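Here the structure is laid out as structure tokens; the discussion comes afterwards.
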Amino acid sequence: MPIGGQIGRGGVLLTIRKAKLSDVPELYRLISYYAGEHIILPRTLPELYENVWEFTVAEDESSVVGCAALRLYSQELAEIRSMCVDPARKSQGIGREISNRLIREADGFGVKTVFALTMTPEFFEKLGFRESPKERFPTKVWRDCLRCDRFSCCNEKAVTLELADRPAALAESTPEAAQVSS
Ligand SMILES: CC(C)(COP(=O)(O)OP(=O)(O)OC[C@H]1O[C@@H](n2cnc3c(N)ncnc32)[C@H](O)[C@@H]1OP(=O)(O)O)[C@@H](O)C(=O)NCCC(=O)NCCS
Numbered sequence: 678m679p680i681g682g683q684i685g686r687g688g689v690l691l692t693i694r695k696a697k698l699s700d701v702p703e704l705y706r707l708i709s710y711y712a713g714e715h716i717i718l719p720r721t722l723p724e725l726y727e728n729v730w731e732f733t734v735a736e737d738e739s740s741v742v743g744c745a746a747l748r749l750y751s752q753e754l755a756e757i758r759s760m761c762v763d764p765a766r767k768s769q770g771i772g773r774e775i776s777n778r779l780i781r782e783a784d785g786f787g788v789k790t791v792f793a794l795t796m797t798p799e800f801f802e803k804l805g806f807r808e809s810p811k812e813r814f815p816t817k818v819w820r821d822c823l824r825c826d827r828f829s830c831c832n833e834k835a836v837t838l839e840l841a842d843r844p845a846a847l848a849e850s851t852p853e854a855a856q857v858s859s
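Counting from 678, one number per residue, gives the positions in the sequence shown under the numbering used here.
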């Protein structure tokens, strides 16, 4: 299967592909923007270089316009994290395309459950996720949440997707072409 697929509508061509090392400065820029708004956790440059293989990106003709990472925790469990779309490119279906690619990647690893911690559960619910108690994910809490300055006043929600429960249409093999609105 090719690494990337092209998506586009209205003259805008986007590619969804695995991240490369040369994308790291752009990933850092995007993530730092939303981390500065306290919407997602910050990631340092060294962290991004170490974990770049976890990331999938959406790219237009000139730059990375969205990204997210799939972190594996066990044979059963993975997390979608650092999900963000360039503020100027929101609501064009880019977040959905990146997430669906990561969900299929998780499926390929044989993972049963994908979760996310998010302040926008509505976005994930559109993809079939359901709200879930945060206590289900102790490893995540110990690794990430304890170093967050909002640990004691966190307003993130946990959402999970059981891959076996996905609608059949979403579980089918990866379409290499899809459309986003401009
Ligand atoms: C959340 C985010 C990734 C969504 O990406 P996007 O490309 O704008 O979303 P899409 O266009 O793919 O939207 C897919 C669906 O989710 C809905 N949706 C997207 N963001 C939403 C929000 N904030 N609230 C409610 N619904 C939302 C869309 O309306 C769309 O629904 P539809 O299919 O019925 O039209 C993006 O807004 C973002 O980067 N936000 C800041 C960072 C963040 O919150 N990350 C998630 C936490 S890990």
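From the three backbone atoms N, C-alpha and C, an ideal C-beta is built for every residue, glycine too. In this text, all values refer to a predicted model and were calculated from it rather than measured experimentally.
For this session: For Leu-769, count neighbouring Cβ atoms within 10 angstroms of its own Cβ and tell me buried if that reaches 16, exposed if not.
Result: The sequence given here places Gln at residue 769; Leu does not occur at that position. A buried status is given to Gln-769, since no fewer than 16 other beta-carbon atoms sit within 10 Å of its beta-carbon.
For this session: Check each candidate in Ala-793, Lys-695, Gly-785 and Val-729 and name the one with the smallest Cα separation from Glu-736.
Result: Lys-695
For this session: Quick one: grab the DSSP three-state call for Ala-696.
Result: coil
Exercise. For Glu-731 versus Thr-790, is the C-beta distance shorter than 7 Å?
Worked result: In terms of Cβ geometry, Glu-731 and Thr-790 do not form a close pair [threshold 7 Å].
For this session: Give a yes or no on whether the C-beta atoms belonging to Pro-810 and Val-836 are separated by under 7 Å.
Result: no
For this session: For ligand 1, enumerate in chain order all residues having a CB closer than 5 Å to any of its heavy atoms.
Result: Tyr-711, Ile-716, Met-760, Cys-761, Val-762, Lys-767, Ser-768, Gly-770, Ile-771, Gly-772, Arg-773, Thr-795, Thr-797, Glu-799, Phe-800 and Lys-803
For this session: Report, in whole angstroms, the separation of the C-beta atoms of Gly-743 and Gly-772, which I expect to be a contact under 8 Å.
Result: 6 Å
Problem set entry | For Ser-776, the first and last residue of its enclosing beta strand (DSSP E) | No beta strand (DSSP E) contains Ser-776, which is instead part of the alpha helix (DSSP H) from 771 to 786.
Exercise. Taking Phe-801 as the reference, which of Ser-776, Glu-812 and Arg-781 has the closest Cα?
Worked result: Ser-776
Exercise. Do the region 692 to 712 and the region 743 to 761 touch if we need at least three Cβ pairs shorter than 8 Å?
Worked result: yes
Exercise. Near Lys-863, which residues of its chain fall below 8 Å by C-beta distance, leaving aside the five closest residues on each side in sequence?
Worked result: Because the chain in this structure spans residues 678 to 859, residue 863 falls outside the shown range and cannot be described.
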